[in-house]
Ligand code: SAH
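Numbering (the working numbering), first residue to last: 8 to 457.
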C-alpha cells in the first residue's frame with residue numbers, strides 16, 4: 008500500500024569503462040529499497056540469464072533508447088522493477104507510431120507514472136538533430152543531421168517513382184576510411200563512427216517528417232495501423248557500414264524487429280566496399296540484404312579505385328560471396344538470397360569490352376543481381392561518367408547472359424544528394440586533411456589524368 012502511494016525514484020550509477028557506450032548502468036534505490044530485481048526475475052525465469060546490464064549511453068550520459076534492441080530494454084526495465092510489458096509498450100510507442108516528437112512524456116499509451124519515472128533517465132534524440140532538409144529538383148531530399156559532439160551527417164529520402172516505394176539512404180560514419188577514389192565522402196577521411204542510436208535516429212527523423220507531411224502527429228487518434236511511409240532503407244550514405252559493423256547490426260535489430268520498425272529483411276540493404284571478414288559476420292548474423300560495390304573487374308583497376316582491394320582482392324571477395332550465397336550456403340537463411348553487385352561506370356577506367364566480359368563471367372558465377380550506376384561527379388574528382396551508350400552495352404551484355412541487371416539513375420545530384428556525393432570535406436569541426444590520391448595504373452593513366 009505504502010509502496011503504491013510513494014513514487015519510486017531511480018538513480019543511475021554509471022561505471023565508466025572509458026567508453027560511454029559500454030558503460031554499465033544499474034538502478035540503485037534512492038530513498039528506499041527498490042524491488043529486488045531477483046524477485047521480479049523469479050517470475051521471468053527466461054530473463055535471469057540476461058541479468059548483466061550493458062547499455063549504451065547518449066552524449067549527455069542518459070540511456071540511449073533509440074537503437075536499443077527490445078531484449079536489452081526488457082532486461083533493463085525488469086531490473087528496475089518494472090513489468091516486462093512496459094518495455095513492449097515503450098518500444099511500440101518509439102517505433103510503430105513514431106509520429107510527432109518522440110517525447111516520452113507525450114506517449115499516451117504509457118501510464119503517466121511510468122512516463123515521469125522514465126523521462127529523466129533516457130535520451131530519445133538518438134544524438135542526432137535534423138537541422139535542414141534540402142530538396143533537389145527531382146523530388147529527392149537531403150536531410151542534414153548535427154551529431155551531438157560535432158559534425159554533420161546526411162541521409163537522403165528518394166521518393167517513389169514508377170510504382171516503386173520511397174527509399175531512405177542512411178549514413179553509418181562521419182566520413183569514411185576506405186579512400187575510394189571516385190567518392191566525395193572519402194575526401195573527409197574517417198572522422199567518427201555513428202552509434203546505433205544515431206542511425207536509428209536518422210530513420211525515425213525521416214519517418215516522422217514523412218508522417219507529419221501525411222498529417223499524422225502525436226495527437227492523431229491511435230486507432231488502426233499507420234502505414235510506414237518508408238519502403239526501403241539502404242545503408243549507402245556516408246561511410247563504410249561494415250567498418251562499423253557492431254553498431255550497424257545493432258541498429259538493424261531494431262529496424263527489422265516486427266515489434267520495432269518492422270522492416271522486412273529484403274527491404275533493408277547494407278552496402279560494402281568489400282571488407283571480407285565483416286561480410287562473413289554480417290551475412291551470418293543478420294538477415295538484411297547485402298550489396299557489394301564491385302566497381303571493377305580486375306585487381307589492377309580495383310586496387311587503384313578502391314584501395315580496400317589491396318587487403319581483400321577480388322578472388323577472396325568473390326569466393327567468399329560464392330560460399331555464402333546460393334543453395335549450398337552454410338548459412339541457412341542465405342540459401343535463397345542473392346547478393347547485389349554495384350558497378351559505377353567510370354569513363355575509360357572500368358567500362359571497356361574486356362570489363363563487360365569479365366563482369367558477365369563474375370555475375371554468372373554467383374547468385375546475384377547487378378546494379379549499374381551512373382557516376383555522379385563532385386569537386387576535384389579526376390573521373391568522368393561513362394557515356395550512356397556504354398551503360399546500355401553493359402546492360403545488354405548482362406541481360407543477354409541471363410543476369411538480372413538494373414540501371415540506377417542518378418537522383419538528387421543537383422543538390423549533391425546522390426550516391427558518392429555526400430559529406431562536407433571542408434567542415435571544420437573534427438576536420439581531418441583529405442587522404443592521399445592513389446596513383447592510377449599505366450593502363451588507365453591517360454583516362455584519369457587526361
Ligand atoms: N561504403 C559503402 C556504402 C557507401 S557508397 C560501399 O562502398 O558500398 C554507396 C554506393 O555509391 C557504392 O556502390 C559506391 O560505389 C557508390 N558511389 C560512390 N561514389 C559514387 C559516385 N561519385 N557516383 C556514383 N556512385 C558512387
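Where is the CB? At the ideal position from N, CA and C, for every residue including glycine. The structure presented is a predicted model; accordingly, all values stated were derived computationally and were not measured.
7 Å Cβ cutoff met for residue 317 and residue 326:
no
- Query: Looking at the structure shown, is residue 446 part of a helix, part of a strand, or coil, going by DSSP?
  - Reply: coil
Can you check whether the CB of residue 261 is closer than 7 Å to the CB of residue 267? yes
Discussion item. Quick check: does the Cβ of residue 330 come within less than 6 Å of any heavy atom belonging to ligand 1?
Written reply: no
Buried or exposed: residue 149, going by 16 or more other Cβ atoms within 10 Å of its Cβ?
buried
Hey, would you say residue 272 sits closer than 7 Å to residue 294, going by beta carbons?
-> yes
* **Sub-7 Å separation of residue 358 and residue 366 beta-carbons** => no
Buried or exposed: which applies to residue 209, given that a residue is buried once 16 or more other Cβ atoms fall within 10 Å of its Cβ? buried
Review point. Alpha carbon to alpha carbon, how far is residue 402 from residue 137?
Key: 38 Å
> How long is the line joining the alpha carbons of residue 457 and residue 384, rounded to whole angstroms?
Replying inline: 16 Å
Is it right to say residue 120 is buried, meaning 16 or more other beta carbons lie within 10 angstroms of its own, or is it exposed? exposed
- Task: Could you work out which residue in 177, 146 and 75 is closest to residue 159 when comparing CA atoms only?
- Result: 177
**Message:** Once the 5 residues before and after residue 196 are set aside, which same chain residues still bring their CB inside 6 Å of it?
**Reply:** 182, 439 and 442
Residue closest to residue 445, alpha-carbon to alpha-carbon, out of 300, 155 and 390:
390
Sub-7 Å separation of residue 418 and residue 147 beta-carbons: yes
task = Would you decide whether residue 221 is buried or exposed? Buried here means 16 or more other CB atoms lie within 10 Å of its CB.
result = exposed
Between the C-alpha atoms of residue 450 and residue 356, what's the straight-line distance to the nearest angstrom? 9 Å
Per-residue DSSP class, three states only, for residue 28 = Caution applies to residue 28, whose pLDDT of 35 falls short of 50 and renders its modelled position unreliable; the model cannot decide the point.
In the DSSP assignment, what are the bridge partners of residue 378?
349 and 413
DSSP state of residue 182 mapped onto helix, strand, coil | strand
_Are there any heavy atoms of ligand 1 lying less than 6 Å away from the beta-carbon of residue 189, as far as the coordinates show?_
yes
Taking C-alpha atoms, which residue in 285, 161 and 112 lies nearest to residue 179? 161
Review point. Counting only runs that start and end within the segment 130 to 170, where is the beta strand (DSSP E) found for 3 or more residues in a row?
Key: 135 to 142, 148 to 154 and 159 to 165
_Quick check: the Cα distance between residue 404 and residue 213, rounded to an integer number of angstroms?_
38 Å
| Contact check, residue 422 vs residue 163, beta carbons under 7 Å | no
Considering only the beta carbon of each residue, do residue 495 and residue 242 sit closer than 7 Å? Residue coverage of the chain in this structure runs from 8 to 457, which leaves residue 495 outside it and unanswerable.
Compute every distance between the C-beta of residue 144 and the non-hydrogen atoms of ligand 1, then say whether any falls below 6 Å.
-> no
* Closest by C-alpha distance to residue 307, when choosing among 87, 88, 452 and 192 -> 452
Practice task
May I have the straight-line CA-CA distance separating residue 132 from residue 406, to the nearest angstrom?
Solution key: 46 Å
#### Entry: CA-to-CA distance, residue 130 to residue 68, given in whole angstroms
9 Å
Fill in: Residues near residue 116 by beta carbon distance below 8 Å, same chain, minus five either side
96, 99, 100 and 229
- [ ] Rank 111, 375, 205 and 145 by C-alpha distance to the C-alpha of residue 296 and give the top, closest one.
- [x] 375
**Prompt:** Which stretch, first to last residue, makes up the alpha helix (DSSP H) that contains residue 435?
**Reply:** Counting along the chain, residue 435 falls outside any alpha helix (DSSP H), and DSSP gives it neither H nor E.
* **Spatial distance of residue 223 from residue 114 (CA atoms)** => 14 Å
Strictly by DSSP, which residues pair up with residue 276?
241 and 296
How about residue 258 and residue 74: do their beta carbons lie closer than 7 Å?
yes
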